[in-house]
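Undergrad: Attaching a single structure in structure tokens format; questions to follow.
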Amino acid sequence: MNPSESVPQEKPEEGRPFHLEGIALGRTFRVNGGSLQVLEGVRFRISTGEFVCILGRSGCGKTTLLKVVAGFLSPSSGRVLINGRDVRGPGSDRCVVFQEDALFPWLTVKENVTFGLRYRKKDGPRGLPDVDRLIESVGLARFKDYLPREISGGMKQRVALARVLVLHPEVLLMDEPFASLDSQTRREMQELLIALWEQTGHTVLFVTHDIEEALLLADRVLVMDKSPGRIREEIPVALPRPRKPETAEFLGLKRKLLETIGD
Ligand SMILES: Nc1ncnc2c1ncn2[C@@H]1O[C@H](COP(=O)(O)OP(=O)(O)OP(=O)(O)O)[C@@H](O)[C@H]1O
Ligand SMILES: [Mg+2]
Numbered sequence: 000m001n002p003s004e005s006v007p008q009e010k011p012e013e014g015r016p017f018h019l020e021g022i023a024l025g026r027t028f029r030v031n032g033g034s035l036q037v038l039e040g041v042r043f044r045i046s047t048g049e050f051v052c053i054l055g056r057s058g059c060g061k062t063t064l065l066k067v068v069a070g071f072l073s074p075s076s077g078r079v080l081i082n083g084r085d086v087r088g089p090g091s092d093r094c095v096v097f098q099e100d101a102l103f104p105w106l107t108v109k110e111n112v113t114f115g116l117r118y119r120k121k122d123g124p125r126g127l128p129d130v131d132r133l134i135e136s137v138g139l140a141r142f143k144d145y146l147p148r149e150i151s152g153g154m155k156q157r158v159a160l161a162r163v164l165v166l167h168p169e170v171l172l173m174d175e176p177f178a179s180l181d182s183q184t185r186r187e188m189q190e191l192l193i194a195l196w197e198q199t200g201h202t203v204l205f206v207t208h209d210i211e212e213a214l215l216l217a218d219r220v221l222v223m224d225k226s227p228g229r230i231r232e233e234i235p236v237a238l239p240r241p242r243k244p245e246t247a248e249f250l251g252l253k254r255k256l257l258e259t260i261g262d
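Spelled out as structure tokens, the structure:
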């Protein structure tokens, strides 16, 4: 069944469509002969250049939602729209960074970063990006000829970030990309991501189960419920960047999110 047939054809609002939109998204899986409803009625609207975090407990369906938005999984119901057009599969307008990014072990840092450009024409609409500058901007200039096994976990995630930024996707989808890093490295990566986002203006949908991470990064936090996964609440984060977790405003929002996610 065409997913767009299962819900009323809701039109984007007059004027400019939302950059990224989910309408009544549902997803079920067949498990042990039964059916598991993981997402139900998920709805979100994200404007161009917005940084939105999806916050939810383990198993609530965050990765499933991201895969549906990426086009790796089709929704069982509902629609995903980019600039008002239905997503029907993966596309070069979206790139995903996962928790453990599988770099090609036999390629150097620079070769990993440029891998996705192999079919990009030099004289195409965007030409070829300045890869060395990008590698420098993620702090890996000295390591560009190293192999993945010769660099740390944090450095690998820097490569993973450079590898998607080099493609200039319209939407960056991130699934707990810093979850396996120590807290210090994680903070550095969060700061780096925000700095790069401020320069490039990508639209970012970032999944995390960490309240502090969501508040450090997002313009808006969408809190997800479990069983079935849906957006329970939307919390705007109007704090100036760089954000400081020890300020009263930050702590106030943290308490609010703890209460929201806790019950
Ligand atoms: N391919 C699949 N087949 C069957 N069930 C699945 C599949 N993918 C996910 N699920 C189930 O969907 C639910 C949500 O999984 P998902 O990975 O989306 O959660 P999550 O919020 O990303 O969790 P975590 O925070 O641990 O990464 C889980 O119960 C999981 O077992
Ligand atoms: Mg997950």
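Sequential numbering of the sequence shown, starting at 0, is according to numbering that gives the first Met the number 0.
Glycine included, each C-beta is placed from N, C-alpha and C at the ideal position.
None of these values were measured; they are calculated from a predicted model.
Does at least one heavy atom of ligand 1 sit under 7 angstroms from the Cβ of leucine 180?
TA: The residue you call residue 180 lines up with position 181 of the sequence shown. No.
Undergrad: Tell me whether valine 79, by its Cβ, gets closer than 7 angstroms to a heavy atom of ligand 1.
TA: Position 80 of the sequence shown, counted from the start, is the residue given in the question as residue 79. Answer for valine 79: no, Cβ out of range of ligand 1.
Undergrad: Report the partner residues of isoleucine 230 according to the DSSP bridge assignment.
TA: On the sequence shown, position 231 is the one that residue 230 refers to. Note: isoleucine 230 sits in a beta bridge opposite Met223.
Undergrad: With a cut-off of 8 angstroms on the beta carbons, I'd call threonine 63 and arginine 26 a contact; round off their distance for me.
TA: Here residue 63 corresponds to residue number 64 of the sequence shown, with the count starting at 1. Here residue 26 corresponds to residue number 27 of the sequence shown, with the count starting at 1. Confirmed, about 6 angstroms.
Undergrad: Mind listing, in chain order, the residues whose beta carbon lies closer than 7 angstroms to a non-hydrogen atom of ligand 2?
TA: Ordered along the chain, the selected set is Lys61, Thr62, Asp174, Glu175 and Val206.
Undergrad: If you reduce the DSSP assignment to three classes, tell me which class glutamate 212 lands in.
TA: Within the sequence shown, residue 212 is the residue found at index 213, counting from 1. Three-state result, glutamate 212: helix.
Undergrad: Taking a contact to mean a Cβ-Cβ separation below 8 angstroms, would you say valine 236 touches aspartate 218 in this structure?
TA: Looking up residue 236 in the sequence shown gives position 237. Looking up residue 218 in the sequence shown gives position 219. In contact: valine 236 and aspartate 218 (Cβ atoms closer than 8 angstroms).
Undergrad: Might you give, ordered along the chain, the residues of its own chain that have their beta carbon closer than 8 angstroms to the beta carbon of glutamate 49, omitting 5 neighbours on each side?
TA: Position 50 of the sequence shown, counting from 1, holds the residue named residue 49. Taken in chain order, the residues that qualify are His18, Thr202, Val203, Asp218 and Arg219.
Undergrad: Mapping the DSSP letters down to three states, classify glycine 25 as helix, strand or coil.
TA: For the purposes of this step, residue 25 is taken as the residue at position 26 of the sequence shown. Strand.
Undergrad: Measure the C-alpha to C-alpha separation of tryptophan 105 and lysine 155 and round it to an integer number of angstroms.
TA: In the sequence shown, residue 105 corresponds to position 106, counting from 1. In the sequence shown, residue 155 corresponds to position 156, counting from 1. Spanning the two alpha carbons is a distance of roughly 14 angstroms.
Undergrad: For the putative contact between leucine 38 and leucine 54, defined by C-beta atoms under 8 angstroms, what is the C-beta separation to the nearest angstrom?
TA: Working through the sequence shown from its first residue, we reach residue 38 at position 39. Working through the sequence shown from its first residue, we reach residue 54 at position 55. At roughly 15 angstroms, the Cβ-Cβ gap does not stay under 8 angstroms, so leucine 38 and leucine 54 are not in contact.
Undergrad: Can you tell me the Cα-Cα spacing of valine 130 and isoleucine 45, whole angstroms?
TA: Looking up residue 130 in the sequence shown gives position 131. Looking up residue 45 in the sequence shown gives position 46. Rounded to the nearest angstrom, the two C-alpha atoms are 29 angstroms apart.
Undergrad: Using a 10 Å radius around the Cβ and a threshold of 16 neighbouring Cβ atoms, would you call asparagine 31 buried or exposed?
TA: By 1-based counting over the sequence shown, the position of residue 31 is 32. Exposed: under 16 other Cβ atoms inside 10 Å.
Undergrad: Buried or exposed: glutamate 12, going by 16 or more other Cβ atoms within 10 Å of its Cβ?
TA: Mapped onto the sequence shown, residue 12 falls at position 13. Any reading at glutamate 12 must be qualified, since the residue scores a pLDDT of 48, below 50, and its modelled position is unreliable; the value itself is stated next. It is exposed - the Cβ of glutamate 12 has fewer than 16 other Cβ atoms within 10 Å.
Undergrad: Would the region 73-91 count as touching the region 237-252 if we require 3 or more Cβ pairs under 8 angstroms?
TA: Too few Cβ pairs lie closer than 8 angstroms, so no.
Undergrad: Would you please verify whether the beta carbon of threonine 246 is less than 8 angstroms from any beta carbon of chain D?
TA: Checking the listed chains, one finds no chain D in this structure; it contains a single protein chain.
Undergrad: Whose C-beta lies closer than 7 angstroms to the C-beta of methionine 0 among residues of the same chain, with five residues either side of it excluded?
TA: Translated into the one-based positions of the sequence shown, residue 0 becomes position 1. Note that methionine 0 has pLDDT 39, beneath the 50 cutoff, so the model's placement of it is unreliable and no number is given.
Undergrad: For the candidate residues Gly90, Val222 and Phe177, whose alpha-carbon lies nearest to that of glutamate 233?
TA: For this step, residue 233 is matched to residue 234 along the sequence shown. Residue Val222 is the option with its Cα nearest to glutamate 233.
Undergrad: Return helix, strand or coil for glutamate 99, following the three-state DSSP convention.
TA: Mapped onto the sequence shown, residue 99 falls at position 100. Coil at glutamate 99, not helix or strand.
Undergrad: Can you tell me whether glycine 115 is helix, strand or coil according to DSSP?
TA: Position 116 of the sequence shown, counting from 1, holds the residue named residue 115. Correct three-state label for glycine 115: helix.
Undergrad: Here's the rule I'm using: 16 or more other beta-carbon atoms within 10 Å means buried, otherwise exposed. How should alanine 69 be labelled?
TA: Locating residue 69 in the sequence shown gives position 70, where the first residue counts as 1. Buried.
Undergrad: Can you give the Cα-Cα distance for leucine 166 and cysteine 59, rounded to whole angstroms?
TA: Position 167 of the sequence shown, counted from the first residue, corresponds to residue 166. Position 60 of the sequence shown, counted from the first residue, corresponds to residue 59. Going from the Cα of leucine 166 to the Cα of cysteine 59 covers about 30 angstroms.
Undergrad: Just confirm the distance between the C-beta atoms of leucine 164 and leucine 139, as a whole number of angstroms; I'd bet it's less than 8 angstroms.
TA: The residue given as residue 164 occupies position 165 in the sequence shown. The residue given as residue 139 occupies position 140 in the sequence shown. Incorrect: roughly 12 angstroms between the Cβ atoms, too far for contact.
Undergrad: Excluding sequence positions up to five away, which residues of its chain have a Cβ less than 8 angstroms from the Cβ of leucine 250?
TA: Here residue 250 is taken as the residue at index 251 of the sequence shown, counted from 1. The answer, listed in chain order, is Pro244.
Undergrad: Closest to arginine 148 by C-alpha separation, out of Asn111, Glu135 and Gly115, would be which residue?
TA: Stepping through the sequence shown from its first residue, residue 148 is reached at position 149. Taking only the C-alpha atoms, the option nearest arginine 148 is Asn111.
Undergrad: For valine 37, verify whether its CB is less than 7 angstroms away from any heavy atom of ligand 1.
TA: Along the sequence shown, read from residue 1 onward, the residue named residue 37 stands at position 38. Checking the Cβ of valine 37 against ligand 1 gives yes.
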